[in-house]
Amino acid sequence: MSSLKTVARKIAELLVSSDVIWTPLSRTLVRGSQYLCAIRGEYEAREIVVNHPPLRASLANNIVIAGPFQGMKYGDTRAMCSTLYPKLLGTYEHELAQAFQSAIAKAPALVVDVGAADGYYAVGFALKNSNGKVIAYDQDPRARVELAKLAALNGVSDRIEIRERCEPQDLVSFKDKSGLMIVDCEGFEDVLLSAETIFMLKNWDFIIETHDGITPEVTKRLKERFAPSHQIEVVESVHDFDKVDHTDIPALKGLPRRSADRVLAEGREHACLRWLVCTKV
Numbered sequence: 292m293s294s295l296k297t298v299a300r301k302i303a304e305l306l307v308s309s310d311v312i313w314t315p316l317s318r319t320l321v322r323g324s325q326y327l328c329a330i331r332g333e334y335e336a337r338e339i340v341v342n343h344p345p346l347r348a349s350l351a352n353n354i355v356i357a358g359p360f361q362g363m364k365y366g367d368t369r370a371m372c373s374t375l376y377p378k379l380l381g382t383y384e385h386e387l388a389q390a391f392q393s394a395i396a397k398a399p400a401l402v403v404d405v406g407a408a409d410g411y412y413a414v415g416f417a418l419k420n421s422n423g424k425v426i427a428y429d430q431d432p433r434a435r436v437e438l439a440k441l442a443a444l445n446g447v448s449d450r451i452e453i454r455e456r457c458e459p460q461d462l463v464s465f466k467d468k469s470g471l472m473i474v475d476c477e478g479f480e481d482v483l484l485s486a487e488t489i490f491m492l493k494n495w496d497f498i499i500e501t502h503d504g505i506t507p508e509v510t511k512r513l514k515e516r517f518a519p520s521h522q523i524e525v526v527e528s529v530h531d532f533d534k535v536d537h538t539d540i541p542a543l544k545g546l547p548r549r550s551a552d553r554v555l556a557e558g559r560e561h562a563c564l565r566w567l568v569c570t571k572v
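Residue numbers (our numbering): 292 to 572.
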């Protein structure tokens with residue numbers, strides 16, 4: 292057996308050490324296996340919910356049951372770039388709950404959401420502020436379809452404008468306004484939020500997901516750029532296996548620890564990310 296392991300190890304080393312072999316392999320088999328793992332995780336979570344009566348009853352109507360956007364209907368909307376159950380439970384990106392509650396209390400006239408995905412935040416803000424407008428950007432046409440469905444389901448389509456890819460000049464067009472900008476664009480935040488752009492948007496508050504694993508040291512650079520005009524709070528993400536320690540959802544009571552972990556999982560076991568909450572001074 293040990294000799295077989297040695298041979299397998301040598302073959303693996305050969306595969307990963309050759310760019311010619313590894314590049315197509317990483318784009319096919321490796322990426323495919325990651326996708327299968329994600330789908331398996333969703334299946335396991337669904338089975339746990341179906342077989343745990345308190346969870347099944349709480350989530351039966353696909354309505355968000357807690358958190359800043361409690362009451363938002365989800366219907367058959369697909370969760371894009373995330374998992375569904377944390378959104379329905381109101382624990383999705385729970386690390387930001389206080390920041391979003393504070394932002395909702397300010398009732399911003401305009402919210403700009405860059406990387407809006409299925410619209411959890413865009414529709415959530417439109418629901419919580421009946422006088423506010425939301426401009427939501429996402430370059431993925433599938434996400435825009437889900438966002439439009441979610442907005443219609445919640446009766447806020449008339450106050451959400453859905454746009455495609457966001458570029459720096461798009462943000463600059465908001466320089467004479469104020470409100471809240473939510474930015475989650477997989478490392479492109481480094482390009483989108485230059486020092487010049489931030490200066491022109493000094494009257495805006497920001498909640499930014501930073502991706503140092505994609506764009507090294509982007510958090511450090513953004514902190515330096517925002518420092519002259521904003522108060523900055525760094526919010527660290529909580530590992531999927533620790534989320535249950537940061538939530539108090541009655542419907543989770545009685546679940547084994549690993550089952551609760553699976554239901555709350557956001558698929559970030561290996562992600563290196565955090566958020567910057569930047570408040571204008």
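Cβ atoms here follow ideal geometry from the backbone N, Cα and C, with glycine treated the same way.
Query	Result
Go ahead and label residue 636 buried or exposed: buried means 16 or more other beta carbons lie within 10 angstroms of its beta carbon, across all protein chains shown.	Summary: the structure shown does not reach residue 636, with the chain confined to residues 292 through 572, and so no result is reported for it.
With a cut-off of 8 Å on the beta carbons, I'd call residue 411 and residue 378 a contact; round off their distance for me.	6 Å
For the beta strand (DSSP E) that contains residue 424, what are its first and last residues?	424-428
Taking DSSP as the reference, what is the three-state secondary structure of residue 246?	It is not possible to answer for residue 246, since the shown part of the chain is limited to 292 through 572.
Taking only the alpha-carbon atoms, compute the straight-line gap between residue 479 and residue 431 and give it to the nearest angstrom.	15 Å
Within this structure, are the beta carbons of residue 564 and residue 500 separated by less than 7 Å?	yes
Once you ignore the five residues that flank residue 424 on each side, which residues in its own chain have a CB closer than 6 Å to its CB?	401 and 450
Between the Cα of residue 485 and the Cα atoms of 495, 459 and 496, which residue gives the shortest distance?	459
Residue 403 and residue 498: beta carbons closer than 7 Å?	no
How would you label residue 303, buried or exposed, when you count the other beta carbons within 10 angstroms and need 16 or more for buried?	exposed
Is there contact here, the stretch 320-327 with the stretch 503-515, by at least three beta-carbon pairs under 8 Å?	no
Would you kindly work out how many angstroms separate the C-alpha atoms of residue 541 and residue 504, rounded to a whole number?	35 Å
State the beta-bridge partners of residue 566 as determined by DSSP.	500 and 526
Just to confirm my understanding: we take residue 350, look at its own chain, exclude 5 residues before and 5 after, and list those with CB closer than 8 Å. What are they?	340, 356, 376, 379, 380 and 542
For a quick check, are the C-beta atoms of residue 526 and residue 384 less than 7 Å apart?	no
One question on the structure: do residue 491 and residue 466 come within less than 7 Å of each other, judged by their Cβ atoms?	yes
At the level of alpha carbons, what is the spacing between residue 312 and residue 301?	14 Å
So within the stretch 413-459, which uninterrupted beta strand (DSSP E) runs reach at least 3 residues, ignoring any that extend past its ends?	424-428 and 451-454
Can you give me the start and stop residues for the beta strand (DSSP E) that residue 472 sits inside?	471-474
Which residue or residues does DSSP assign as beta-bridge partners of residue 571?	521
State the CB to CB distance for the pair residue 388 and residue 358, rounded to an integer number of angstroms; the pair is presumed to be in contact (CB under 8 Å).	6 Å
With distance defined between alpha-carbon atoms, name the residue in 463, 333 and 414 nearest to residue 447.	414
Rounded to whole angstroms, what's the CA-CA distance from residue 367 to residue 305? Just pull it up for me.	45 Å
By Cβ distance below 7 Å, which residues in the same chain neighbour residue 435 in space, the five residues on each side in sequence not counted?	429 and 453
Going by C-alpha to C-alpha distance, which of 559, 552, 546 and 538 sits closest to residue 528?	559
Rounding to the nearest angstrom, what Cα-Cα distance links residue 342 and residue 318 in this structure?	36 Å
With DSSP as the reference, please indicate the residues paired to residue 405 in a beta bridge.	428 and 474
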